[in-house]
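Student:
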Amino acid sequence: MFNWVFRRFSKDMGVDLGTANTLLYVPEKGITVDEPTVVAVNVRTEQILSVGKEAKHMLGKTPPHIEVTRPLTNGIISDYEVAEKMVKYFIDKIHEDGFSFVTRPRVVICVPLEVTEVETKAVEDAIIAAGAREVFVVQEPVAAAIGARMPIQEPIGNMIVDLGGGNTEVAVISLNGVVAWKSTTIAGDEMNRNIIQYAREVFNLLIGESHAELIKLKVGSASEMSEKIEFPMRGRDVISGLPREIMITDTHIREALSRSIRTIVDLIKMTLEITPPELTVDIHERGMLLTGGGSLLRGLDTVIAKATEIPVRIADDPLTAVVRGTGVLLEDEELLEEVVLPSTRNTKRKKRKKI
Ligand SMILES: Nc1ncnc2c1ncn2[C@@H]1O[C@H](COP(=O)(O)OP(=O)(O)OP(=O)(O)O)[C@@H](O)[C@H]1O
Ligand SMILES: [Mg+2]
Numbered sequence: 000m001f002n003w004v005f006r007r008f009s010k011d012m013g014v015d016l017g018t019a020n021t022l023l024y025v026p027e028k029g030i031t032v033d034e035p036t037v038v039a040v041n042v043r044t045e046q047i048l049s050v051g052k053e054a055k056h057m058l059g060k061t062p063p064h065i066e067v068t069r070p071l072t073n074g075i076i077s078d079y080e081v082a083e084k085m086v087k088y089f090i091d092k093i094h095e096d097g098f099s100f101v102t103r104p105r106v107v108i109c110v111p112l113e114v115t116e117v118e119t120k121a122v123e124d125a126i127i128a129a130g131a132r133e134v135f136v137v138q139e140p141v142a143a144a145i146g147a148r149m150p151i152q153e154p155i156g157n158m159i160v161d162l163g164g165g166n167t168e169v170a171v172i173s174l175n176g177v178v179a180w181k182s183t184t185i186a187g188d189e190m191n192r193n194i195i196q197y198a199r200e201v202f203n204l205l206i207g208e209s210h211a212e213l214i215k216l217k218v219g220s221a222s223e224m225s226e227k228i229e230f231p232m233r234g235r236d237v238i239s240g241l242p243r244e245i246m247i248t249d250t251h252i253r254e255a256l257s258r259s260i261r262t263i264v265d266l267i268k269m270t271l272e273i274t275p276p277e278l279t280v281d282i283h284e285r286g287m288l289l290t291g292g293g294s295l296l297r298g299l300d301t302v303i304a305k306a307t308e309i310p311v312r313i314a315d316d317p318l319t320a321v322v323r324g325t326g327v328l329l330e331d332e333e334l335l336e337e338v339v340l341p342s343t344r345n346t347k348r349k350k351r352k353k354i
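Letter 217 of the sequence shown, counting from 1, is numbered 216 in numbering that gives the first Met the number 0, and no numbers are missing.
(1) Using the Cα positions of serine 49 and glutamate 133, report the straight-line distance between them to the nearest angstrom.
(2) Which residue's Cα is closest to the Cα of leucine 278: Leu213, Arg243, Ile155?
(3) Could you give the C-beta distance for methionine 149 and leucine 334, rounded to a whole number, given that I count them as a contact under 8 Å?
(4) Near isoleucine 273, which residues of its chain fall below 7 Å by C-beta distance, leaving aside the five closest residues on each side in sequence?
(5) Along the beta strand (DSSP E) that carries glycine 13, what are the first and last residues, could you check?
(6) Which runs of the alpha helix (DSSP H) spanning at least 4 residues fall entirely within the stretch 254–314, listed in chain order?
(7) Measuring only the C-alpha atoms, how far is aspartate 124 from aspartate 15?
(8) I'd like to confirm the pairing. Which residues does DSSP put opposite alanine 39 in its beta bridges?
(9) For leucine 205, name the three-state secondary structure that DSSP assigns.
(10) Please report how far the alpha carbon of leucine 271 lies from the alpha carbon of glycine 146, in whole angstroms.
(11) Below 7 Å CB to CB, which residues in the same chain sit around arginine 199 once its five sequence neighbours on both sides are set aside?
(12) For glutamine 196, count neighbouring Cβ atoms within 10 angstroms of its own Cβ and tell me buried if that reaches 16, exposed if not.
(13) Within this structure, are the beta carbons of leucine 22 and aspartate 11 separated by less than 9 Å?
(14) What does the alpha-carbon distance come out to for the pair valine 81 and lysine 52?
(15) Please report the distance separating the alpha-carbon of proline 242 from that of glutamate 308.
(16) Is the distance from the Cβ of valine 311 to the Cβ of glycine 286 below 9 Å?
(17) Which partner residues does aspartate 161 have in the DSSP bridge list?
(18) So for glycine 176, helix, strand or coil by DSSP?
(19) Does isoleucine 252 come out as helix, strand or coil in the three-state DSSP assignment?
(20) Nearest by alpha-carbon distance to glutamine 138: which of Glu229, Val322, Glu332 is it?
(21) Taking serine 239 as the reference, which of Leu213, Asp265, Arg258, Phe202 has the closest Cα?
(22) Tell me whether asparagine 193 sits in a helix, a strand or coil according to DSSP, three-state version.
(23) Looking only at C-alpha atoms, which of Glu189, Glu118, Arg69 sits nearest to alanine 255?
(24) Exposed or buried, valine 4, counting other C-beta atoms within 10 Å across all chains shown (16 or more means buried)?
(25) Go ahead and label histidine 64 buried or exposed: buried means 16 or more other beta carbons lie within 10 angstroms of its beta carbon, across all protein chains shown.
(26) Do the stretch 64–73 and the stretch 34–46 make contact, defined as three or more Cβ pairs closer than 8 Å?
(27) Tell me the DSSP secondary structure of valine 4 in three-state form.
(28) Starting from the C-beta of valine 25, find all residues in its chain whose C-beta is less than 7 Å away, skip the five residues before and the five after it, and write them out in chain order.
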């Protein structure tokens, strides 16, 4: 057995438990899990059939005894039991790859800005139940900013917009703390629902969630583009009940998404309105950063920049910014101590000496 070789790697883990995707980061290894937050359960036996990509492929295609569930809603655990099993499954998967949890891991995990103490506790409990020794909870946009290497320790206005599946969060961070923020549940999932509704209302076509997401990725945009894009949209005709295919264009999807895009732009403007003027000046100079999968929607950066008159940049690899941030925190105890939320568990955290 070579397990001992990996012992020193196995102490810590960063977790981005997202509404759409779950990512795990292990120091010296990097991102070891990057899977959809989806679980397929056999409701007769209550056994988990598959997790992640495999489960997502089953969405909308299951017989009555198989349920494909998403244990998070708008960034919050909505099915505690399934969430815990899913995290355990992912951790075990790393274990299979040759890791040995001789000492149980310390875990850094993120929660949305809009979260209650009860919800934070549910996250902490799920992680402890999944085998962690200690859990550190951090606000998601803070982790995203750290992952994107924004200078949040400085007295500078760092503006970040994290566009996830379940939440869009706008935060202005300075001196390791969130100074101003706003969030909405209008995010990637809602955009998929917008497309489903549009297809039904305009084309009398019923389409599934996965297909709506595919359409969003293939032809979705927030502003007019130089090139026209088309893609076949497939579903069931509401009237005839038969399968039907139509060609959908970027113009259609832009119309379907327009209300959500407007809401997101307004949210960013509202956050700027409540930001202290000194920080607003910094943001005006330095621009804002977009993270999360939603930031990849074509032309969204342009729309935001135009509406706010502030430069907008999309983070490198925006889908992994949060988990990379947890990775940085695992290796920087001082910063972790600065940004960690107070624990809701009874265990008193040791206060480390500051130099
Ligand atoms: N190229 C793209 N264009 C538009 N949307 C995209 C693109 N790629 C991914 N997305 C969307 O991004 C969302 C997933 O992003 P992400 O993984 O950051 O969310 P999450 O962290 O799981 O959710 P949350 O932070 O809200 O809990 C999905 O809704 C997905 O459809
Ligand atoms: Mg996220």
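No residue lacks a Cβ here, since even glycine has one placed at the ideal position from N, Cα and C.
Computed from a prediction, not measured in an experiment: that's the story for all the values here.
Tutor: Once the coordinates are examined:
(1) Looking at the two C-alpha atoms, the distance is approximately 28 Å.
(2) Check the Cα spacing between leucine 278 and each of Leu213, Arg243, Ile155: the tightest is with Ile155.
(3) In fact, because the Cβ distance is near 12 Å, the residues do not count as touching under 8 Å.
(4) Cβ neighbours of isoleucine 273 beyond the five flanking positions: Ala179.
(5) Under the DSSP assignment, glycine 13 falls in the beta strand (DSSP E) whose first and last residues are 11–16.
(6) Taken in chain order, the complete alpha helix (DSSP H) segments of 4 or more residues contained in the stretch 254–314 are 276–285, 299–307.
(7) Aspartate 15 has its alpha-carbon roughly 16 Å from the corresponding atom of aspartate 124.
(8) Under DSSP, alanine 39 shares a beta bridge with Ser49, Val67.
(9) Leucine 205 falls in the strand class under three-state DSSP.
(10) A direct Cα-to-Cα measurement between leucine 271 and glycine 146 gives close to 23 Å.
(11) Cβ within range, chain order: Leu205, Val237.
(12) That one is exposed.
(13) The Cβ atoms of leucine 22 and aspartate 11 lie no closer than 9 Å to each other.
(14) Those two C-alpha atoms are separated by around 16 Å.
(15) Cα to Cα, proline 242 sits roughly 45 Å from glutamate 308.
(16) Contact check for valine 311 against glycine 286 passes: the beta carbons are separated by less than 9 Å.
(17) Bridge partners of aspartate 161: Glu168, Thr290.
(18) In this structure, DSSP gives glycine 176 an extended state, which the three-state scheme calls strand.
(19) Three-state DSSP puts isoleucine 252 in a helix.
(20) If we check each option's Cα against that of glutamine 138, Val322 comes out closest.
(21) The shortest C-alpha separation from serine 239 is found at Phe202.
(22) Reduced to three states, the DSSP call for asparagine 193 is helix.
(23) The candidate whose alpha carbon is nearest that of alanine 255 is Glu189.
(24) Reliability of the predicted coordinates at valine 4 is poor, the pLDDT of 37 falling under 50, and no value is obtained from them.
(25) By the neighbour-count rule (16 or more Cβ atoms within 10 Å), histidine 64 is not buried but exposed.
(26) A contact exists between the stretch 64–73 and the stretch 34–46.
(27) For valine 4, the predicted model reports a pLDDT of 37, less than 50, meaning its position is unreliable; a value from the coordinates is still stated below. Valine 4: helix per DSSP, three-state reduction.
(28) Shown here for valine 25: same chain residues with a beta carbon closer than 7 Å to its own, the five before and five after excluded, namely Phe8, Met12, Thr31, Ile93 in chain order.
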